[in-house]
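Protein chains: 2
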Amino acid sequence: MLNFEFYNPARIVFGRGAEEKTGELAKRLGTKALLHYGGGSVKATGVYDKVVRSLEKAGVPFVELSGVKPNPRLSLVHQGIKLCRDEGVDFVLAVGGGSVIDSAKAIAAGVPYDGDVWDFYLDEEKGPFTALPIGVVLTIPAAGSESSTGSVITNETGWLKRAMNKEVLIPKFAVMNPEFTFTLPPYQTACGASDILAHMFERYFTQVEHTDLTDRLLEAAMKTLLIYAPIVMENPTDYDARAEVMWTGTIAHNNLLNTGRIGDWASHNLEHELSGIYDIAHGAGLSIVFPAWMRHCHKAKPARFVQLAMRVFDVDLAMEDDEKIIEEMIRRLETWYKRLGLPVRMSDAGIAGDRIGEMAKKLFIGQPEQGNFMRLTEEDALQIYKLAL
Amino acid sequence: MLNFEFYNPARIVFGRGAEEKTGELAKRLGTKALLHYGGGSVKATGVYDKVVRSLEKAGVPFVELSGVKPNPRLSLVHQGIKLCRDEGVDFVLAVGGGSVIDSAKAIAAGVPYDGDVWDFYLDEEKGPFTALPIGVVLTIPAAGSESSTGSVITNETGWLKRAMNKEVLIPKFAVMNPEFTFTLPPYQTACGASDILAHMFERYFTQVEHTDLTDRLLEAAMKTLLIYAPIVMENPTDYDARAEVMWTGTIAHNNLLNTGRIGDWASHNLEHELSGIYDIAHGAGLSIVFPAWMRHCHKAKPARFVQLAMRVFDVDLAMEDDEKIIEEMIRRLETWYKRLGLPVRMSDAGIAGDRIGEMAKKLFIGQPEQGNFMRLTEEDALQIYKLAL
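Those protein sequence lines, which keep their order, are chains A and B.
Residue numbers are given in the working numbering: position 219 of the first sequence equals residue 343, and the series is strictly consecutive.
Residue numbers are given in the working numbering: position 128 of the second sequence equals residue 252, and the series is strictly consecutive.
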């Protein structure tokens, strides 16, 4: 086990009616809010009205900025920073999923900073070391941004997608009502589950030895997700199943399950190249990349995959041969993705794959070191993309 | 799953050499520390010197108060409160195990309070709503107080042992170096492991339905402890095994594993009556009480015990009969306790048991409702004590 520091001060307020506490929670963060959200869906579902009612009841003044898109854009962030400064806003309330929260984090970091907030995405040495406080009303279990240190923003100038990670970006509170996820389109529920599972795979595949507690905690959370994601697909209004998925999504990414170990995020980056070129959701890109990544990379430490196969995918050791056990596990994973309606090959998503050479090259631009469980070369990346065709 | 609120802002700094950061961490909490500890052991092991060196290096002035005993006393707390006020201390640094931390919490809550800090232990309505910040250098994995809301203090007037639980009592940081536990006497290591396991049992046994994620997280942590506690008994300087036990001890009691469920703490109270009369360590009392409590109370929901038997104690369902499966699990638990050198019956600890009628009566004084998984009557308590003879 490696030395580590763990700190996560996000207050989680979870359950039916949790949103009614938004106003009181927001009041502790400052005097005037930026209410930040996407667009139609929070209005259609009534979440927007509930949040506004709670803010009004608590007497919290706010200004609004909507229009956050998937892969949230820097231009809207700049607009939000200006608005906060002009209006004397001193905290940001994000109502939505990962994109809205990430955009809110960028605005919160940008307001007290003299330079361009994009600096933080290019150079972690620059900060942010301070930010406006952030509150969250979560509507999509997926990104884990509601209690994470991270924010991913796309700069339209050059279409660069970059991340920043700092403690000051952890939201002060996250209101999580599983009922808010009842109305998610099935494909979005599925992509969210795939993203949550990926956050756990990425932590699980480590070369660090003696990580038994966090191994088992990860296995516990993975098992829960594997069981409940298909259940919510079949019955979208099953409260308890939605609750299991939603709480798993937070725990998967709040860094507790990462303590004492170093994960491998190459699969995430391999996916970014895929969704960067083709119009495919992040979760769907991950269900394509993971089986291929596993088939190519398990050789770096087969024992880790055998453990996962036995403990989470119930593959029996009686199969004896490691390769057979691992292949059986990957097939079971593919079956799970398919059951959720997700693609497991580029061809399933209508992607021809004629640009995989270009993708394998681009992966290393500005980020030459890919992978910790297995350090990838461009040839490795190409092989993985080939396995995903 | 029940609605819940989860908030734990303790910063955990874990690993070899972690104590070197104590001074810098302490500096963020205030201008002058009360250095609070037990006595000989932190001096004998060199922990005291390391902490003092780190404080001096960071330029943190401090005054000292030693002499904390197991079952920490109110009189020393009063002494600490006076010392802090006289010396202008604005934060408390606890160096030790649960008793030292609980005593530090009481002092921290008492300093800014006009009345007697004992009020908080008698009436949770009174507070504390504010407290001096608390830092911890942990030397014993057991109580989980390093990131919990709780403090248990004994008032020598009437020998009342009572708890307070409030968010303001969560330490701001906990420095945890597993090497500091290498020199623990074996019996103390064993009692600590028993206490940690109890914290998980107490959360696990719930009548709340749909608690799958937290069930599995608890099972993961229990399994880890069951494996590593015997290993550290055999090889006290096995760093990785010590690290697994130490980190499990914190996670067992930081309330994450309690989210969305209501546990059952009657077993803890049954133990308090035992150790209240006889001079027996809390962990040893728990290893006596739990098998008996399980034998008596499993009937309130056998399925919960069967799940634990299968998932954690590897009892095979092929045994078919619930009663047999549960009895087999309890026997395996007893074997584990014995392997650690802990008693599983009062007779193992040289306790005659002629006062169990008195204990069963006393259990309900001032706390008429005992148990959530199974609500106990005085007759139930007596039966449990009889099973523990």
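Heads up, the beta-carbon is just placed ideally off N, CA and C, and yes, glycines get one too.
Whose CA, out of the options, lies closest to the CA of residue i?
i: Glu180(B); options: Glu148(B), Leu246(B), Leu394(B), Thr305(B); result: Glu148(B)
i: Asn301(A); options: Val260(A), Ala314(A), Ile277(A), Tyr328(A); result: Val260(A)
i: Pro236(B); options: Pro252(B), Asn359(B), Lys145(B); result: Pro252(B)
i: Ala344(B); options: Lys167(B), Val369(B), Ser411(B), Glu358(B); result: Val369(B)
i: Arg419(A); options: Phe437(A), Glu447(A), Lys296(A); result: Glu447(A)
i: Arg428(A); options: Arg327(A), Phe297(A), Ala182(A), Glu458(A); result: Arg327(A)
i: Thr281(A); options: Ala353(A), Met324(A), Arg197(A), Arg140(A); result: Arg197(A)
i: Asp472(A); options: Ala408(A), Ala433(A), Lys174(A), Arg456(A); result: Ala408(A)
i: Arg455(A); options: Ala442(A), Glu444(A), Phe437(A); result: Phe437(A)
i: Leu350(A); options: Asp238(A), Val332(A), Gly373(A); result: Gly373(A)
Answer with buried or exposed for residue i, where buried requires no fewer than 16 other C-beta atoms within 10 angstroms of its C-beta.
i: Arg209(A); result: exposed
i: Gln491(B); result: exposed
i: Glu493(A); result: exposed
i: Lys485(A); result: exposed
i: Asn132(B); result: buried
i: Gly164(B); result: exposed
i: Asn382(B); result: buried
i: Arg463(B); result: exposed
i: Asp388(B); result: buried
i: Gly222(A); result: buried
i: Leu487(A); result: buried
i: Arg340(A); result: buried
i: Leu158(B); result: buried
i: Ala298(A); result: buried
i: Ile118(A); result: Here chain A covers residues 125 to 513 and nothing more, so residue 118(A) does not appear.
i: Asp403(B); result: exposed
i: Asp336(A); result: buried
i: Thr313(B); result: buried
Should residue i be flagged as near chain A, meaning a C-beta pair shorter than 8 Å?
i: Leu293(B); result: no
i: Leu337(B); result: yes
i: His334(B); result: yes
i: Trp283(B); result: no
i: Tyr131(B); result: yes
i: Glu368(B); result: yes
i: Thr313(B); result: no
Round the Cβ separation of residue i and residue j to the nearest angstrom and send it over; I've been treating them as touching at under 8 Å.
i: Trp371(A); j: Ser391(A); result: Not really, about 24 Å apart at Cβ, beyond 8 Å.
i: Val176(A); j: Ala150(A); result: Not a contact, Cβ separation roughly 11 Å.
i: Ile277(A); j: Arg286(A); result: 7 Å
i: Arg385(A); j: Thr348(A); result: Between Thr348(A) and Arg385(A) the Cβ distance is about 20 Å, and since that is not below 8 Å, they are no contact.
i: Pro426(B); j: Glu458(B); result: Their Cβ separation, rounded to whole angstroms, is 19 Å, which puts Pro426(B) and Glu458(B) out of contact at 8 Å.
i: His406(A); j: Glu395(A); result: 7 Å
i: Ala228(B); j: Ala218(B); result: 4 Å
i: Leu200(A); j: Val213(A); result: 15 Å between Cβ atoms; not a contact.
i: Arg366(B); j: Thr307(B); result: That belief does not hold up - the Cβ atoms of Arg366(B) and Thr307(B) are roughly 11 Å apart, past 8 Å.
Using a Cβ cut-off of 9 Å, pull out every chain B residue sitting near residue i, in sequence order please.
i: Ile225(A); result: Chain B residues near Ile225(A): none, gap ~18 Å exceeds 9 Å.
i: Leu341(A); result: Arg340, Leu341, Ala344, Ala345, Thr348, Ile375
i: Thr459(A); result: None at all; the shortest Cβ gap to chain B is about 21 Å.
Is any beta-carbon of chain B found at less than 8 Å from that of residue i?
i: Glu452(A); result: no
i: Leu137(A); result: Here the sequence assigns Val to residue 137(A), which means Leu is not the residue at that position. Closer than 8 Å: yes.
i: Trp371(A); result: yes
i: Glu502(A); result: no
i: Thr155(A); result: no
i: Val361(A); result: According to the sequence as given, residue 361(A) is Thr; it is not Val. Thr361(A) does not count as touching chain B.
i: Thr383(A); result: yes
Run down chain B in chain order and give the residues with a C-beta less than 7 Å from the C-beta of residue i.
i: Phe128(A); result: Phe138, Gly139
I want to verify the contact list: residues of chain B whose CB lies under 8 Å from the CB of residue i, in sequence order.
i: Asp364(A); result: Met125, Glu333, His334
i: Ala433(A); result: Neighbours of Ala433(A) on chain B: none; closest Cβ ~17 Å, over 8 Å.
i: Thr263(A); result: In chain order: nothing, as chain B lies at least about 17 Å away.
Examine the ligand ADP and report whether any of its heavy atoms sits within less than 7 Å of the Cβ of residue i.
i: Gly407(B); result: Looking for the ligand ADP in the displayed structure turns up nothing, as the structure carries no ligands at all.
What does residue i reach in chain A if we use C-beta pairs closer than 7 Å?
i: Thr254(B); result: Here the premise fails: no neighbours, minimum Cβ distance about 15 Å.
i: Ala322(B); result: Those do not exist, as Ala322(B) stays about 18 Å from chain A at its closest Cβ, beyond 7 Å.
Could you name the residues of chain A that residue i contacts, counting a contact when the two beta carbons are closer than 8 Å?
i: Ala142(B); result: Asn127
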